[in-house]
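Undergrad: Provided herewith is a single structure, encoded as structure tokens, for subsequent inquiry.
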Amino acid sequence: MDDIDLQLLDLLQRDASLSNQTLAERVNVSPPTCLRRVRRLHEEGIIERQVALLQPERLAALVGHGLTAWVEVTLDRQDAQALDRFEARAVAEDAVQQCWRVSPGPDFMLSTYTRDMPDYLALTQRLFTQDSNVRNVRAFFATKRAKFETKIPLAPGR
5 MDDIDLQLLD LLQRDASLSN QTLAERVNVS PPTCLRRVRR LHEEGIIERQ VALLQPERLA
65 ALVGHGLTAW VEVTLDRQDA QALDRFEARA VAEDAVQQCW RVSPGPDFML STYTRDMPDY
125 LALTQRLFTQ DSNVRNVRAF FATKRAKFET KIPLAPGR
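For our numbering, count along the sequence shown from 1 and bump the result up by 4.
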């Protein structure tokens, strides 16, 4: 991994729809070299996937505002099997956007997005209430999105 790879990753994190020609021009390499490098970054798993990020406020008129919550989950038993079992259930839920094992404090932090409070309640029934190993759940509901970023900083100032 060299500076050109880092530049390519930085550009793709900002806009994955850039053409190979544009990427090559911006990092001062030939288009075939650029294409080879980007393919290698995919093959090595450094680029996990490319997606479209949707703007929730613009979608609100069509699908509703939705309900974003961050949920702390603490389990009674924290053995590997119990943690794996809860994690598998959480990641299988479409409403769970992110699932993190954390320490210290709760065992998991979940980022969830549901249509509304009844939909959130149904999610809590499936994930928390029906699981006898869930000891404590604490949710925080978003009132405003001030910043949302998916970009990983690669170097100071980038």
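Built from N, CA and C at the ideal position, the CB exists for glycine as well.
Would you give the residue range spanned by the alpha helix (DSSP H) that Met121 belongs to?
TA: Met121 to Thr128
Undergrad: So the candidates are Ile50, Ser23, Leu57 and Leu71; which of them puts its Cα closest to the Cα of Tyr124?
TA: Leu71
Undergrad: Would you report the Cα separation of Phe144 and Met113, rounded to the nearest angstrom?
TA: 11 Å
Undergrad: Terminal residues of the continuous beta strand (DSSP E) containing Glu52?
TA: Element bounds for Glu52: n/a, residue is neither H nor E.
Undergrad: Verify the contact flag: Pro60, CB atom, against every heavy atom of the ligand ADP, threshold strictly below 7 Å.
TA: As far as ligands go, the structure on display features none, and thus does not contain the ligand ADP.
Undergrad: Since I believe Leu12 is in contact with Arg41 (beta carbons under 8 Å), could you give me their beta-carbon distance rounded to a whole number of angstroms?
TA: Between Arg41 and Leu12, the beta carbon gap of about 6 Å places them in contact (Cβ cut-off 8 Å).
Undergrad: Exposed or buried, what is Pro110 when buried is set at 16 or more other beta-carbons lying within 10 Å of its beta-carbon?
TA: buried
Undergrad: CB-CB under 6 Å to Ala146, same chain, minus the five flanking residues each way: which ones, in chain order?
TA: Thr72
Undergrad: Can you check which of these residues, Ala28, Glu47, Arg81 and Glu61, is closest to Asn140 by C-alpha distance?
TA: Arg81
Undergrad: Roughly how many angstroms lie between the CA atoms of Ala150 and Asn32, to the nearest whole one?
TA: 35 Å
Undergrad: Hey, out of Arg53, Pro60, Ile50 and Thr26, whose CA is closest to Arg119's CA?
TA: Taking the Cα of Arg119 as reference, the smallest distance to any Cα among Arg53, Pro60, Ile50 and Thr26 is reached at Pro60.
Undergrad: If I measure Cβ to Cβ from Thr154 and keep anything under 6 Å in the same chain, skipping five residues before and after, which residues do I get?
TA: Around Thr154: no qualifying Cβ.
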